[in-house]
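Notes to accompany the following structure.
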Amino acid sequence: MRHPSLTRRGIVAVASLALASTAAIGGVAVASTDAEPVSTPVTITSPDGQLMSYVVNARIANPGQTRLVEAAVKAAGGVVVQSWPQIGVVVAHSKVSTFRADVVARGGNAVDSVGATRTVPVTEGTPEVAGASWGRGASGYKQGAKKPTNGDLESVESPATSTDPRESEQWDLTMIKADQAHKITDGSRNVLVGVLDSGIDPDHPDLAANIDVADSVNCTDAGRPDTSATGWYPTTSDHGTHVAGTIAAARNGVGIVGVAPNVRMAAVKVVNDDGFIYPEYAVCGFIWAGLKHMDVTNNSYYVDPFEFYCEDQPDQYAAKEAVRRAVTWSTKQGVVHAAAAGNSARDLADKSSFKDTTSPDDQPASGQVSRTLNSGCEDIPTELDGVVTVSSMQRFPAGTMDSRLSSFSNRGLGKIDVAAPGSSILSTVVANNGYGLKSGTSMASPHVAGVLALMKSAHPTWTPAQMIEKLRQQADDKACGTTTGAGRPCVGPVEDNSFFGEGVVDALDAVS
């Protein structure tokens, strides 16, 4: 059975890297304000002798402060597993029950926040040699160089000249006008999309030619970048392979065609074999995307073990802050991020309208808590600043080009940026190097990642903020209609409503 973080998720300007106002200092929760309720506490126990994983965030994101945090981790009886001085985040393991308090005591003003990243013991083990140098640029591995471009439209490849056998079944490409965009371009080889997911089938005939092996990585080794030859290969899930096919299945006379069939993809594995995407995995994935100067990432997941990370809970705040910093830093390196809105049929704009009943999801049902939420509780990474949030549409009536919101899709006025097809999407799967149908906002988001890749191909000098602005402006307005989801009606004008945001993503406009 697929893990909940994959099934539920189907899974604009960039904020400054200056630290957000601190909600948790040294493991002390700060009550929410503005008459909102405090979110339901979730205690993560860490008994002596049990190996647990933590993120420790420096108060100031620079190498000097990060070294002070590293020293505090070691003095508190922990091991520095991975250090990211670019964002002032240290991933640590410890078997000491008082580790969180001890790190604060040892680190003093250098420490912004510390939190456990999961509720269960570490299963991947603690590396014997800390991986801090991996994140240090010149003192670690050499950062990737940005591929040269020659200005807008000059790097665009030739338009499509052939049709792949199953392209006629891809109604989703027609709905977003990708078939028309392909008459102008299939995308540029200069453009690199990071597929943060469960890995990509390395020998699928529709994918192999477009996989950038050199820039692929496995981030599930306790949050360290594993660059071994096969580390990025798929887990037991073919989720990432299906997502990759939608983004960039090659135009090669085989199977299907992706939204951007000529761009390159890097497999950035952030899902472990048990189906979990822990905060340190996501941080590694976003930083890797920035270090390799990727152009786009797709994020069809939410970060485990909480469907919603609450600012007023110490462990959750620290983990959320680490991921937020990683997203912000990678965006500053020129990476634009698309993310699935989620598959819980929730109104993300009104957290008081429901309870989170499935967190922490690395516990059995008996260990999960029915949580009251507030506006400081967010689904990450999709609700973070600078991330394009994508809701899912289905064909309705069946067999037409009309559509409505998929019944499972999250929504929310001011939360959804754009919408894309996500129900019964044909794409690549691992079994027999074949093809299959999947549904979810996980299937909607890669359509948008593909459109962003086409846009970057046509306009290589555009920044992430410019791309997001244009993506929203170019989306085709879609009115609410008469549909409701999970008892929550669609609200807002045709130009920007709670179901479809600015509208249906438009591939043709992206390259015109």
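If you count by mature numbering (1 follows the signal peptide of the UniProt record, and there is no 0), then the sequence shown holds residues -26 to -1, 1 to 486, one letter each, in order. Heads up, the beta-carbon is just placed ideally off N, CA and C, and yes, glycines get one too.
Leaving aside the five residues before and after D336 along the sequence, list all residues of the same chain whose C-beta is less than 8 Å from its C-beta, in chain order.
If we look at D336 and ignore the five residues flanking it on each side, its Cβ neighbours are R92, T93, V94, F250, D278 and P279.
Roughly how many angstroms separate the alpha carbons of S366 and P176, rounded to a whole number?
S366 and P176: Cα-Cα distance of roughly 28 Å.
Consult DSSP for G410 and reduce its assignment to one of helix, strand or coil.
Strand, per DSSP.
List the endpoints of the continuous beta strand (DSSP E) containing S365.
Residues V361 to R369.
Do T159 and S401 have their beta-carbon atoms positioned less than 9 Å apart in this structure?
No. Outside cutoff.
Taking the C-alpha atoms as reference points, what is the distance between E254 and Y291?
Between E254 and Y291, the C-alpha separation is close to 14 Å.
The alpha helix (DSSP H) that contains Y291, what's its start and end?
Here the alpha helix (DSSP H) through Y291 covers P288 to K306.
For the beta strand (DSSP E) that T331 lies in, which residues bound it at each end?
Run containing T331: K329 to S333, per the beta strand (DSSP E) assignment.
Per DSSP, which one or two residues make a beta bridge with R198?
BP columns for R198 point to D195.
Do you know offhand how far L265's Cα is from N246's?
Cα-Cα distance, rounded: 22 Å.
Are the beta-carbon atoms of A394 and V364 separated by less than 9 Å?
Yes, these two residues count as a Cβ contact at 9 Å.
Would DSSP call S431 helix, strand or coil?
Correct three-state label for S431: helix.
Using the C-alpha atoms, what's the distance from V237 back to G161?
Approximately 6 Å, taken between the alpha carbons.
Identify the continuous beta strand (DSSP E) that holds M26 and give its terminal residues.
Taken as a continuous stretch (DSSP letters only), the beta strand (DSSP E) holding M26 covers M26 to A32.
Take V30 and list the residues in its own chain whose beta-carbon comes closer than 7 Å to its own, dropping the five residues that flank it on each side.
Counting only Cβ-Cβ distances below 7 Å, and skipping sequence neighbours, we find V43, V47, V64, A66, V77, V85 and V88.
Where G52 and F73 are concerned, what is the direct C-alpha to C-alpha distance, given to the nearest angstrom?
Distance between the alpha carbons of G52 and F73: 7 Å.
Let's test the definition: count the other Cβ atoms within 10 Å of the Cβ of T97 and tell me whether it reaches 16, buried, or not, exposed.
With fewer than 16 Cβ atoms within 10 Å of its Cβ, T97 is classed as exposed.
DSSP has L400 in a bridge; who is on the other side?
DSSP output for L400 lists L411 as bridge partner(s).
Report buried or exposed for A484, applying the criterion of at least 16 other Cβ atoms within 10 angstroms of its Cβ.
Label assigned to A484: buried.
Determine the contact status of C351 and Y283, defining contact as a CB-CB distance below 9 Å.
Yes. Within cutoff.
Pick from F474, R369 and N406: whose alpha carbon is nearest that of T148?
For the residues F474, R369 and N406, the minimum Cα distance to T148 belongs to R369.
Go ahead and label T17 buried or exposed: buried means 16 or more other beta carbons lie within 10 angstroms of its beta carbon, across all protein chains shown.
Exposed, because fewer than 16 other Cβ atoms sit within 10 Å of the Cβ of T17.
Give a yes or no on whether the C-beta atoms belonging to V233 and A449 are separated by under 9 Å.
Cβ distance not < 9 Å, so V233 and A449 don't count as in contact.
For H178, I'd like the list of residues in its chain whose CB is within less than 7 Å of its CB, leaving aside the five on either flank, ordered along the chain.
The answer, listed in chain order, is T215, T402 and N407.
Roughly how many angstroms lie between the CA atoms of G205 and S211, to the nearest whole one?
Roughly 14 Å between the two C-alpha positions.
Count the other CB atoms, across all protein chains shown, that sit within 10 Å of the CB of L426; report buried if there are 16 or more and exposed otherwise.
The residue in question, L426, is buried, as its Cβ has 16 or more Cβ neighbours within 10 Å.
To which residues of the same chain is V465 closer than 8 Å at the C-beta, ignoring the five residues directly before and after it?
So the qualifying residues of the chain are L387, C454, N471 and S472.
Closest to S349 by CA distance: which of P420, A481 and F328 is it?
If we check each option's Cα against that of S349, F328 comes out closest.
By DSSP, does G109 sit in helix, in strand, or in coil?
Because G109 sits at a pLDDT of 33, beneath the cut-off of 50, its placement in the model cannot be relied upon, and the point is left open.
For a quick check, are the C-beta atoms of S377 and N317 less than 9 Å apart?
Not a contact, by the Cβ cut-off of 9 Å.
One question on the structure: do V165 and K430 come within less than 9 Å of each other, judged by their Cβ atoms?
Going by C-beta atoms, V165 is nearer than 9 Å to K430.
Is the beta carbon of A224 less than 9 Å from the beta carbon of P235?
In this structure, P235 lies closer than 9 Å to A224 by Cβ.
Can you look up H213 in the DSSP assignment and give me helix, strand or coil?
In the structure shown, H213 sits in a helix (DSSP, three-state: H, G or I).
If you compare alpha carbons, which of A339, I61 and S381 is closest to P463?
Out of A339, I61 and S381, S381 has the C-alpha closest to the C-alpha of P463.
Between which two residues does the beta strand (DSSP E) containing R345 stretch?
Start and end: V343 to T346.
Report all residues from its chain with a CB closer than 6 Å to the CB of F260; omit the five preceding and five following residues, and keep chain order.
Hits under 6 Å: A300, V301 and S304.
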